[in-house]
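A quick write-up on the structure given underneath.
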Amino acid sequence: MPVDVKISKKKHVLILLAALAHLPCDAQSQSLVPDQLFFKRISTDQGLPQPSVNSILRDTRGFVWMATEDGLSRFDAAEFRTFRHDPADSSSLSHNVVHFVQEEEATGNLWVGTVSGISYFDRSLERFKVYKANNPPGTVYTNATLDKKRNRLWLACTVAGLRYLDLSRQVIIDFKKPELDNETVWNVKIAGDSLLIATLQGLKILNLQNQQISSFYNKTPVRSLLIDQNDLWFGTEGNGLGRFDRVTKKTTFYNRENGGTNNNDIWSLALDKEHNLWVGTDGGGLNVLMRGNNISRCYLHSEFDDRSLSYNTIRSIFIEPNGNVWLGTYNGGVNYHENKPIQFQLYRKDFFNDLSLRNNAVSAFTESTDGTIWIGTDGGGLHYLRDGVVHRYALPEKLAHVNVITALQSDGLGLWIGSFQNGLIYLDGHGGWKQFKHEPGDRTSIAANTVWDIEKDSLGYLWLGTNRGVNRFNPKTGICHHIDHPLKGNIDKLFKNIQAQTILISSDHTLWVGSYGLLMAYLPASDSVIEIKGQDGPIRPPPDLRVKALLEDDGKIWIGTYGSGLCQYNILTRSLHVLDERDGLPDNVVLSVEKGEPGSLWLSTNKGLVHFNEADTIFTVFDANYGVQGTTFNRNAALQTSDGRLLFGGTHGFNIFRPHAISDNRGSLEIVFTDFSIFNKQIKPGSDLLKQSITETQQLDLPHADSRLLTFHFSAFNFSSPDKIIYAYKLTGFDDDWQKTGKDHSVTFTNLDPGSYTLTVRASFNGKVWGPEKSLTITIQTPWWRTTYIRWLAFLLFVIGAYSFSRYRTYQLSQRKKELEQLVSQQGQEIKKQNHDLAAQNEELIAQNDEMAAQQQMITEQNIQLSEAKQSLQMINQSLEQVVDQRTEKLNETIHQLNKTIKELDAFVYSASHDLIAPMKSVTGLIELARRQNQNPDIGVYIDHMERSVKKLEDVVLNMMQYSQNSNLEVTYEEVNVHDLIQESISDLKFYPGMDAMNFVINFNKDASVRTDRKRFKIILNNLIGNAIKYRDDRKESNIGRVTFENGKTIWKLEVQDNGIGIDKHYLSRVFEMFFRATDRSQGSGLGLYIVKETVEKLYGEIYVDSEKGEWTKFTVAIPHENIYVRKK
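Shown next as C-alpha cells:
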C-alpha cells in the first residue's frame, strides 16, 4: 500500500499550496488501462540514428521529434530526418547529444537542449539559433520550462545548476543562490509564481516574487516533475514516486516496498486524458497508476513477445491528446502504443501462468454443447476455454505422448480428436477414452494414422480426412467404412489415394474434400465424384487448387488455397471465380475462411487476419498492431461459436472476437509534404527555390532550368500501419488522372514545361476508400527565350533579315544574269567552230569504219578455225581424264594397302615391344642377382656392360611402345593436376642413371591443373625430364632442371630447362628428326624427341627448342585447350 507522510515543515506545505493554488480541482472518474498493452517498436532498423531517446514529443503538425545521442530526429511515419551539428554551419544544432525537446505553444517552434547549450529551431526555415553560454565541464541542459509572466525560459542543467534565458535580451543568465551552488538540476516546472526545482539533493521551491528558495523534500534525488489538477507528482531516485495532495496536505510515496511501483528509480512522468499517471522507471519498465483507485499496473520487456517493451528503462513519455503513447527508452529505441480498444482478445503462452497455452502453435478448435471451446495445438496437446480462461487438459496417461492435434470435433460433451500419426481418439467427457488406429489388413480400421479433418453428417457418421483418402467412420460401432468402386477411378482417388486436408459437408449433403492441387465433391445420391478445376480466363491462368479451407455460404463454396488466393465456386453454374493479390488480397495463401456479418468473410492468411467485404471487393488487413496474434496463421484453425464469436489460431496463440464489434477506424490519413529535392539534392528552406520549409509551403515558383528533375516526399502520418498505406497522386495541368505509387511515398517529375501545375496527393489502406487530399501549386517559370517580348523581337529580326536577304539575293541574280549572257555569247562562237571540226572528223570516221568492216570479215574466218581446234582438244581431254581416273583408282588401292600394312606394323611394334618388356625385366633381375653373387671384379665389369646394354634396349622398346600408343590411341581429355604429374614423372625416373646428381625446381602453383590427355602429357614429361638427366654436365657444381607451367586463355605452356652440355646451334633444326643424335654422348635410340614432337602434334600443339652449347637447353611445349582442339579437329 502507498505510504502517507506528514510533512513536518509546515512552511514548505504552505509554499507548495500557494504554488498549486492556480490549478482547478475537478473530480475524475475512474478509467482503467488494459492489462495488456501492445507496443510497436521503432529502432535503428527503421532509421532512428541512435537507440537511446532522452526526450520525445509529437508536435502540432503531426511530426514526432526524438532527442537522441546522435542528433534530433524528425519522424513522419514513413522515414526519419535527423538534424545534427555541423561545425561549418552556424545555423545547425549546437551538439549531437540531445537531452530534451519541447514545442513552443505559440509558434510550434522547438526548444532543444544538448550537452553544450540551448537551441531554438525555426520550423519554417528549418534552422537553429544557438544560445551560447559559459558552460562548466560536464554541463548538460536537461529540461526547460517557460515563464510567460517574466518572459523567461528556465533551464535545468547539470553542474551549472539553474539558468534562464532572458527572451527579451536573448542572453542566458546564471541564477545564483547559495542553496543552488554546485547543484545538479534535473527538472524545472512553473507553478504560478513559484518554480519547482528537481535536484540531486531533492525537491526545492523558488519563490519568483521574493527570490527565496526552500527545500520541500531532501531525502533522495528528484528527477521528474508533473503537476496534476490536484496533485504534484515527483519521481525520485531510490524512493519511488512521490505525490503531494493539496487537499489533504499529505505526501504519499509509491514504491517497490509498498507495491505502488515495481522500481524505486523514476525517470519520467506523463498523464493521459483520463488522468491516469504513466511512470517510466530506470530498469523497472512502465508503471501506470490508475486514477481514483491507486491501482498500479506494470508492463515489462519480454524476450518472447516482440510487442512488449523493447527495454525496461523509460527515459521519456509523451501522450497525445487522443491517448496514443510514445516512449523513449535507453538503448531500446522508441515504443509506440496506439490507444484503441482491444478488439481481438489474445490468448498465448505465459511462462509464469499455468492458465495459459502450453504451446503457441494453435491448430484446431471445436465447441461442446455446454459452450466449452476445445483448443488443439501443434506440440502442446489439448486445452479448453471456459469463462474466458484457458485451461490445460491432461490426457490419460497412455495418451500423454499425443501432443500434435490436427483436428477436433465435439460430440455432445464428448470430443473426437484427430492427431498426427496417433490416429483418432475419443474422450467421453467422464474420464473414459478410446483410440482408433490403422491396422494393416483390417479394412474396418481407419486408412491412416494422421487425421487432418473431422466432419459429422446428418446421420451421425464421422467423415475423416487422412493421408490415404476419406473414411466414413461409425462412432457407435467404431468401424470404418471404405467406399470402393474399382471401375470408378475418381472415386478410388477420393477415398484411397489423396491426402484429404479439409472436409466440408454442404447443406445438400454433398461431401467436399480439399487436397494438394485438387478439390473433389462426392454426391451420395448418385454415388459419384466430380473434380473441380479452374478454367483459363482471358487474363488469368487457371488456379492451382491446393486447398486449405472450405466454407459454404448462400449457394457458393469459398475455397482457401495455398498460392491461388480465395476462390468462389458457384454450385448452380459450376463456375470458379478467383480473388488474389491483384484484387487487394494481401497474400495468396488463405488458410481458413469463416462467415462474418452478412455479405462478409474473415480470412486467415500468411500476412495477417483479413476482413472481406464481398459487395465492394474490399480486403481489410488486421495485423499485430491491432492485437492479432501475428501475421502467420495455421491451416483450418478457425471456428465460429454458437454465440457468433470467431476464433483464429496461428503460430503465436489465438484470437477471439465478435465480428460486428470490429471497427476499422484507423484514423484520418492527413497528407503532409515532408521533403523536396532537385536533381536528387535536398533543397533547404530560405533559398530562392524554397522560401520556407516544404511542410509549410503551399506554392512553389521554380525557374525552368530547375524543373528537369523534381522529387517530392510525403507521408500520411499513420504510425500504426504505415506499411499498409497506398498513395496516389495527380499533377493537374499535365495529367488529370490519378496515378498510384503503391507504398512508395515519393514522386518524381522530369522536364516539366513552363506553366502552372497542381500536385495533389492522397492515401488509402485498401485503394478504394481514400483520405483527404493535400495539394501543392507548382509554377514553372517561362525561360527568357520563350517570353512574348523575345518572340516578337525574334519575329521582327526574322522579317528584317528576310527582306535584306531578298534584296541581296535579287542583286546577286542580276549580276549573275549578265555574266551568263556573256558566257552564252562566247560559248556560241566556240560551238560553231567545234561543229566545223566535227564535220571533218566525221569524214575521217567513215573511212575508218570501212577499214574495220574488212577486219571483221577476217576475224569471222579465224573464229571458225578456232572452233574446229577446240573440238579436237575436247576429244583429247576426255581421253586423258579416263587415263587419270584409272591411275587414281590404282593409287587409292596402293594407299589402302599401305595403310593396312602400317597399322599391322604398328600393332606388331606395340605387341613386340610389350612382349619384350617382360624378358628384359627378367634379364635385368638376373643381372642384379649375378652382381650380388659375383666375387670377381673382372666379371663385375662385364656385368655392368650387360646392364647398360639391357637398359639401352629397354629404352628403345619403351620408345617404340610410346610411339605406337601415340599413333593409335584416341585423345582422351581429363582434369590433370600438373604439379602432381610432374612429381610422378620425377619419381618414375628416380633410379635413372645420374638422377641423384639432378635437382629439379618446379616454379608454379601446386593447385594448377589443365584438361588434357594424361598419358600423352606423361610421355612428354618423361622424355624431356629424362633428356635433362642424360645430358647433364657433370663438370658443373650442381645440375639443375627447371620445370614451369603457364595456363593461358587459349593455350597452356610447359617449359623444361637444364644447365647441361647444350646443343650446337646448327643441330637445333634436326633434333626432332627420327634417329637423329646431336652429340657423341647420345645414349638413346634417337627416338625420344621425335616421339615428343609426334605426341605434341597429336594434341595440335607445337614444340620449340633453344640451347647454348655448354650452358643450357630449353624445350617449350604449347598446346591448345580442349575446346580449341575440338574446333581444330
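Letter by letter, the sequence shown follows residues -27 to -1, 1 to 1102 of mature numbering (1 follows the signal peptide of the UniProt record, and there is no 0).
Note that the Cβ used here is the ideal one computed from N, Cα and C, for glycine as well.
1. Sort G296, Q382, T302, T350 by Cα distance to Y320 and report the nearest one.
2. Along the chain, where does the beta strand (DSSP E) that runs through K1066 open and close?
3. With DSSP collapsed to three states, give me the class of S798.
4. How many whole angstroms separate the CB atoms of N561 and D553, which I take to be in contact at a CB cut-off of 8 Å?
5. State the DSSP-derived secondary structure class of F768, mapped to helix, strand or coil.
6. Given a threshold of 16 other Cβ atoms within 10 Å of its Cβ, counted over all protein chains shown, does E1084 qualify as buried or as exposed?
7. Return the residue from the list G405, K407, T379 that minimises the CA-CA distance to Q394.
8. Take D1037 and list the residues in its own chain whose beta-carbon comes closer than 6 Å to its own, dropping the five residues that flank it on each side.
9. Would you call the segment 325 to 341 in contact with the segment 287 to 307, where contact means no fewer than 3 C-beta pairs closer than 8 Å?
10. If I measure Cβ to Cβ from N237 and keep anything under 7 Å in the same chain, skipping five residues before and after, which residues do I get?
11. Does the segment 1039 to 1048 come into contact with the segment 1010 to 1024, if we say contact requires no fewer than three beta-carbon pairs (one atom in each stretch) closer than 8 Å?
12. Round the Cβ separation of T721 and Q672 to the nearest angstrom and send it over; I've been treating them as touching at under 8 Å.
13. Are the segment 773 to 782 and the segment 726 to 741 in contact at 8 Å, needing three or more beta carbon pairs?
14. Considering S747, what are the terminal residues of the beta strand (DSSP E) in which it resides?
15. For a test of the three-state rule: what should DSSP assign to L259, helix, strand or coil?
16. Could you check how far apart the C-beta atoms of I315 and G600 are, in whole angstroms? I think they sit under 8 Å.
17. Locate the beta strand (DSSP E) running through R288, then write down its first and last residues.
18. According to DSSP, is T417 helix, strand or coil?
19. Look at the Cβ atom of N124, then the Cβ atom of L140, and state whether they are nearer than 8 Å.
20. S958 and I998 - do their beta-carbons sit closer together than 8 Å?
21. Excluding the 5 residues preceding and the 5 following N304 in the sequence, name in chain order all residues of the same chain whose CB lies nearer than 7 Å to its CB.
22. Can you look up M971 in the DSSP assignment and give me helix, strand or coil?
23. Under DSSP, the alpha helix (DSSP H) around Q956 begins and ends at which residues?
24. When DSSP labels each residue in this structure, what does residue 1106 get in the three-state scheme?
25. Just the C-alpha distance for V486 and M493, rounded to the nearest angstrom, thanks.
26. Check whether the segment 655 to 663 touches the segment 616 to 635, counting contact only when three or more Cβ pairs, one atom from each stretch, lie closer than 8 Å.
27. Contact defined as beta carbons within less than 8 Å: I believe H677 pairs with I753. What is the distance between those atoms, to the nearest angstrom?
28. Can you tell me whether G396 is helix, strand or coil according to DSSP?
29. How many angstroms separate the CA atom of R416 from the CA atom of H455?
30. Could you give the first and the last residue of the continuous alpha helix (DSSP H) run that contains L997?
31. Assuming L386 and G402 make a contact with CB atoms under 8 Å, what is their CB distance in whole Å?
32. In whole angstroms, give me the CA-to-CA distance for H625 and L358.
33. Taking 8 Å as the threshold (C-beta atoms), are L10 and H248 in contact?
34. Apart from the five residues just before and just after L198, which ones in its own chain have a Cβ nearer than 6 Å to its Cβ?
35. Pop quiz: S688 and D8 are said to be a contact at Cβ under 8 Å. What is the actual Cβ separation, rounded to whole angstroms?
36. Mapping the DSSP letters down to three states, classify Q1030 as helix, strand or coil.
To lay it out plainly:
1. T350
2. No beta strand (DSSP E) contains K1066, which is instead part of the alpha helix (DSSP H) from 1061 to 1071.
3. helix
4. 5 Å
5. helix
6. exposed
7. T379
8. K1082
9. no
10. G211, N212, G213, N228, R229
11. no
12. With a Cβ gap of about 20 Å, T721 and Q672 do not count as contacting.
13. no
14. Before going on, a small fix: residue 747 reads as Lys here, not Ser. Element bounds for K747: 747 to 753.
15. strand
16. 5 Å
17. 287 to 292
18. coil
19. yes
20. yes
21. P24, S25, Y284
22. strand
23. 951 to 961
24. Beyond the ends of the chain as shown, which are -27 and 1102, falls residue 1106; an answer cannot be given.
25. 5 Å
26. no
27. 6 Å
28. coil
29. 7 Å
30. 987 to 1003
31. 4 Å
32. 17 Å
33. no
34. N160, K162, L169, A171, F207
35. In fact, because the Cβ distance is near 33 Å, the residues do not count as touching under 8 Å.
36. strand
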